[in-house]
């Protein structure tokens, strides 16, 4: 082999992707450059790289024999750990490429570049000329650097920037469990951590729902529970089916997940004229976060369904002007084939916590206030609606403000196909008086856009008494409701709860003993027994509810406490009493529910001979009453009802809330007089399905 004097000329080009060149950048520091001043670090790094290549590069014999003269083009990076890695080599001879990779593989680790004090990566473009000379001879030339971001390299720069974004992604770390996202509100799922939040000595507030993950995280370890239920293997399809979101993406300051939504049911109603019941819901559920304080979620559903005959009839009774039905709890529906409905639904919200003590949400969905199965304050039985919610928590206080825009869809108030808009503002103050006792105060006011009033700014004040504003704006300009709640923790296993709602207060009528129609109030009493009879994860619940006639209604019907022809509180409206027994049990992924409801309700006759309002339908004018005194629960067409529901199943994916279930419900509806709207029935409804469980669906109307 001929021996050559080797000469080198090495030119450097430096490009720091996604960074701006300024005094907050620090270049990589090569060993032996640590003592250099900041201004000389770049030149020292360049010089040491040049020297290392000159000292270690051995020109292959085939190149020497050809007396080759030319360039080797090299693109390499210094990563966040200080490792020097080749990204691209271009040379005429493969032997030169191999030798270049060998030399760079020998390079020591360096101190990585930093930006604003945080390690980052940089990329270098280098040209190695053959033959080589000692870099010290032309040190001034070898020290020159220039940015790769020149016009001629623009396309390459953009491509590398895109790759750098992908490179920043990391494995998803279950960030939803400490986020500002709402925990999907279903009674069964919330029962999993209800006992944890109601332990003696906790300062949790459990009435205003849905909760955000961050406020439940101190009491319940969602991530540990998820790991305890892991079922899948390392195969991608197995993990996605049993244990993970379908799509999980996490970067430096963001994350999001995507899951499909299904509610596919097939069933049989023993009383229906049609052969089967079904529901066919497909959708998408997206949730994510930007930073630690901002979260978002959206879900879109496309559905077709045919339900038990009594449920279909109830949906038809909620019809609008131009639309045949409203599917209870979901929304406006069109006819679909034989006795079926087509009902699309969209929900979503933005959730932001500017400080640790406050959460602000803007969305389209539902809210619930109460510790029971029912709520006399604000329930989730109606269709989704737009809302703004403000949760403030400090000391032993949690204060919830909700402002909503609702719709009155009755045909008689619809104008040019547009539904009438009304607004509701709610306050709920929860105070943990002691480690056992919680007291809550509730206030609500409804108003409409009469006289182009729009959204009355008076009600934006979160700490004011709405009743006083109602008097200032005119008694008939709004409808105010007051309420109080209490919860007492008997011990770690038993707690008692209750609500009291007052729609109108007249002391003379209340104390007069004449059972005046003005005594518009209702109350709830309940008890929960956790780990009942020392059986882990067994919850037993008893609840009693009663609401007197005409509660929640108004002489200006649009000012009632309702939305989309459905009550905003109890499913049955008013003029009822009911007793509820509930049992819930979980064992790993298996679950079971049992529910029994006994009730007495008072309906209107709605006949030419008797068209009076007996106070059960909140969409009737209470001035249409048949009498002023002697008003009692169950008046009118008295109906005895019994609802029983048994459900069992298996949670397929606890992360996406996908479950396989079977449900059997029995409903006995026995009116004193059969009318067009009160038909005697005795229904058994059997259903088998697979469902993404994101919301409560009440079939006990």
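Numbering (my numbering), first residue to last: 440 to 1140. For glycine and all other residues, C-beta sits at the position ideal for the given N, C-alpha and C.
Counting C-beta neighbours from all protein chains within 10 Å, is the total for residue i 16 or more, i.e. buried, or is it exposed?
i	result
residue 846	buried
residue 885	buried
residue 833	exposed
residue 526	exposed
residue 500	exposed
residue 673	exposed
residue 919	buried
residue 1048	exposed
residue 692	exposed
residue 615	buried
residue 618	buried
residue 667	exposed
residue 428	Lying outside 440 to 1140, the shown extent of the chain, residue 428 is not represented and no answer is given.
residue 1177	Given a span of 440 to 1140 for the chain in the structure shown, any question on residue 1177 remains unanswerable.
Does DSSP put residue i in a helix, in a strand, or in coil?
i	result
residue 1032	strand
residue 1050	coil
residue 636	helix
residue 688	strand
residue 967	strand
residue 523	strand
residue 630	helix
residue 706	strand
residue 823	coil
residue 621	strand
residue 641	coil
residue 490	helix
residue 850	helix
residue 500	helix
residue 1087	strand
residue 956	coil
residue 886	strand
residue 1055	coil
residue 678	helix
residue 545	helix
residue 961	strand
For my contact list, residue i and residue j are in at a C-beta cut-off of 8 angstroms; report their separation, rounded to the angstrom.
i	j	result
residue 493	residue 573	6 angstroms
residue 704	residue 1128	3 angstroms
residue 648	residue 624	5 angstroms
residue 1121	residue 1074	Incorrect: roughly 24 angstroms between the Cβ atoms, too far for contact.
residue 1110	residue 1098	About 35 angstroms separates the two Cβ atoms, so there is no contact after all.
residue 815	residue 722	Not confirmed; about 31 angstroms, so no contact.
residue 740	residue 783	7 angstroms
Quick one: Cα of residue i to Cα of residue j, how far?
i	j	result
residue 476	residue 547	21 angstroms
residue 952	residue 718	50 angstroms
residue 785	residue 812	25 angstroms
residue 491	residue 568	15 angstroms
residue 1017	residue 1081	9 angstroms
residue 1077	residue 642	44 angstroms
residue 508	residue 564	20 angstroms
residue 870	residue 818	20 angstroms
residue 529	residue 608	29 angstroms
residue 827	residue 638	30 angstroms
residue 518	residue 690	17 angstroms
residue 955	residue 849	29 angstroms
residue 706	residue 1107	18 angstroms
residue 992	residue 715	37 angstroms
residue 685	residue 699	8 angstroms
residue 800	residue 1135	20 angstroms
residue 687	residue 939	44 angstroms
residue 803	residue 824	5 angstroms
residue 468	residue 634	56 angstroms
residue 1125	residue 838	42 angstroms
Going by Cα to Cα distance, which pick from the options is closest to residue i?
i	options	result
residue 810	540, 563, 982	982
residue 516	1113, 528, 727, 561	561
residue 1058	1011, 535, 773, 938	1011
residue 969	605, 730, 929, 1093	929
residue 822	488, 980, 1137, 486	1137
residue 1130	1095, 1108, 1034	1095
residue 798	831, 772, 769, 808	831
residue 676	1108, 1092, 1020, 1114	1092
residue 613	696, 747, 732	696
residue 480	978, 466, 489, 488	466
residue 958	513, 660, 1068	1068
With 8 angstroms set as the bound, which would you pick, yes or no: does the beta-carbon of residue i sit closer than that to a beta-carbon of chain D?
i	result
residue 1122	Absent here is chain D; the protein component of the structure consists of one chain.
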